[in-house]
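First up is the structure itself, then whatever we jot down about it.
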Amino acid sequence: MTEFPWLTDAKAVVKPPPGEACPADAKAANLSFTLKDVNDRNVSLSDFKGKVLLLDFWATWCGPCKVEIPWFLEFQSKYGKDGLQVIGVSIDDTLKC
């Protein structure tokens, strides 16, 4: 098996090594993380307590980042009603629209 099976085998099932997955009774995540949104309003991860978060750090200069964004929009649309929240965090130096 290659180091990145998802790049070569579309049917590959990627499982974490033993002991790498969080147990069901794991300590709660620290959600004290706040950033500004595009409208300069504070957004805190604690606002999404109880949801499954997909936190994506991306940049406008990152080609692969731009490729994956439509998938994240699809995930949000499909699974948002079930508690998924996709949050994109741009790491660009300045706001680019």
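Each number in the working numbering corresponds to the 1-based position in the sequence shown with 904 added. Cβ atoms here follow ideal geometry from the backbone N, Cα and C, with glycine treated the same way. Owing to the predicted nature of the structure, the values given are computational and were not obtained by experimental measurement.
- The three-state secondary structure of Lys-931, taken from DSSP, is coil.
- Put simply, the segment 938 to 947 does not touch the segment 973 to 981. Fewer than three CB pairs are less than 8 Å apart.
- For Phe-961, the enclosing beta strand (DSSP E) stretches over residues 956 to 962.
- Nearest to Ala-932 by C-alpha distance, out of Ser-981, Gly-967, Ser-950, is Ser-950.
- Residue environment: Val-956 is assigned as exposed (fewer than 16 neighbouring CB atoms within 10 Å of its CB, all protein chains considered).
- Contact annotation: Gly-992 and Trp-962 have beta-carbon atoms nearer than 8 Å.
- For the pair Leu-935 and Lys-953, the CB atoms are nearer than the 8 Å cut-off.
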